[in-house]
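Chemist: First the structure, then my questions, so here it is.
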């Protein structure tokens, strides 16, 4: 197997030539060859962004940050990918932290401004729940009588529609690690409980006023 440094050089050449798929593959080979550095993960994150693999880009950026918490470009990659995933609060938090390690870098300022604009748009477009006047709504009994005098409430079947999951999640695994990313906007750390064992991982997120909505169980066999 080629040395990691040689693979990294070839990956950079492929990236410059706009062959992002080859670049990502070569970075993967370099990571597997070892040692897996923050630089390799951050650069592969950029290749994933170019390919539109934004979830994988976030996972790589997180790994780079774990290996080197002061690497500003890892935060930049994470912020850019999260914006593409429409996770603007997460993106802004990453960009603000990254900007503290890269004073004067206009890229952080520009992307944070975009986050603020998107967050404002989301707040403006948030639907307002309207309370229906009970007096204006026809009763179930009168509706049944008008439709068919022979139909009774005992014959009416109610179908429960399953609710859509509250939080989006994804995972990415390499030869040695599994990185799980859960996108939960505005949730404080104290509202998150993580339990794991040899065969399972469970993440519970408490949402005020919505008990039980945030439980996200995972089977280890599905991700390892």
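In this note's numbering, the protein residues as written are 2 to 225. Glycine included, each C-beta is placed from N, C-alpha and C at the ideal position.
With 16 as the cutoff for other CB atoms within 10 Å, does residue 59 come out buried or exposed?
Modeler: Burial call: buried.
Chemist: Which of the three DSSP states, helix, strand or coil, is assigned to residue 38?
Modeler: Coil.
Chemist: Please return the same chain residues whose Cβ sits closer than 6 Å to the Cβ of residue 66, not counting the five positions on each side in sequence.
Modeler: Within the same chain, residue 66 has close Cβ partners 75.
Chemist: Give the range of the alpha helix (DSSP H) segment to which residue 112 is assigned.
Modeler: It spans 107-126 - the alpha helix (DSSP H) in which residue 112 sits, taken as one unbroken run.
Chemist: Flag this pair as yes or no: are the beta carbons of residue 22 and residue 68 separated by less than 8 Å?
Modeler: The answer is no: Cβ separation not under 8 Å.
Chemist: Could you check the C-alpha separation between residue 183 and residue 113 for me, to the nearest Å?
Modeler: Each residue's Cα considered, the two are about 21 Å apart.
Chemist: Hey, out of 107, 48, 101, 106, whose CA is closest to residue 82's CA?
Modeler: The shortest C-alpha separation from residue 82 is found at 48.
Chemist: If you draw a straight line from the alpha carbon of residue 148 to that of residue 84, how long is it in whole angstroms?
Modeler: No answer about residue 148 holds up, because its pLDDT of 49 lies below 50 and its placement is not dependable.
Chemist: Using only the alpha-carbon positions, how far apart do residue 7 and residue 110 sit?
Modeler: Rounded to whole angstroms, residue 7 to residue 110 spans 35 Å at the Cα level.
Chemist: Could you check if residue 125 is buried or exposed, using at least 16 other CB atoms within 10 Å of its CB as the buried criterion?
Modeler: It counts as exposed.
Chemist: Assign residue 62 to buried or exposed, taking buried as 16 or more other Cβ atoms, counted over all protein chains shown, within 10 Å of its Cβ.
Modeler: Answer is buried; the Cβ neighbour count reaches 16.
Chemist: When the Cα of residue 1 is compared with those of 45, 3, 4, 32, which residue comes out closest?
Modeler: Given a span of 2 to 225 for the chain in the structure shown, any question on residue 1 remains unanswerable.
Chemist: Determine whether the beta carbon atoms of residue 28 and residue 73 lie at a separation below 8 Å.
Modeler: No, Cβ-Cβ distance for residue 28 and residue 73 is not below 8 Å.
Chemist: Can you give me the C-alpha to C-alpha distance between residue 4 and residue 24, rounded to a whole angstrom?
Modeler: The alpha-carbon atoms of residue 4 and residue 24 are separated by roughly 16 Å.
Chemist: Measure how close the beta-carbons of residue 108 and residue 86 come, nearest whole angstrom, since I'm counting them as under 8 Å.
Modeler: That belief does not hold up - the Cβ atoms of residue 108 and residue 86 are roughly 18 Å apart, past 8 Å.
Chemist: Taking the beta carbon of residue 88 as the centre, do at least 16 other beta carbons fall within 10 Å, making it buried, or is it exposed?
Modeler: The residue is buried, with at least 16 neighbouring Cβ atoms inside 10 Å.
Chemist: At the level of alpha carbons, what is the spacing between residue 33 and residue 70?
Modeler: Between residue 33 and residue 70, the C-alpha separation is close to 21 Å.
Chemist: When we look at the beta-carbon of residue 35 and count the other beta-carbons within 10 Å, is it buried (16 or more) or exposed?
Modeler: So residue 35 ends up on the exposed side.
Chemist: Go to residue 102, then tell me how far its alpha helix (DSSP H) extends in each direction, as first and last residue.
Modeler: That residue, residue 102, is in no alpha helix (DSSP H); it is neither H nor E in DSSP.
Chemist: Hey, would you say residue 57 sits closer than 8 Å to residue 31, going by beta carbons?
Modeler: No, the Cβ-Cβ distance between residue 57 and residue 31 is not below 8 Å.
Chemist: If you draw a straight line from the C-alpha of residue 55 to the C-alpha of residue 80, how long is it?
Modeler: When rounded, the distance between both Cα atoms is 10 Å.
Chemist: Please state whether the Cβ-Cβ distance between residue 116 and residue 96 is less than 8 Å.
Modeler: A contact, by the Cβ cut-off of 8 Å.
Chemist: Got a sec? Which residues, its chain only, sit under 6 Å from residue 120 by beta carbon, not counting five neighbours each side?
Modeler: Closer than 6 Å at Cβ, skipping near neighbours: 89.
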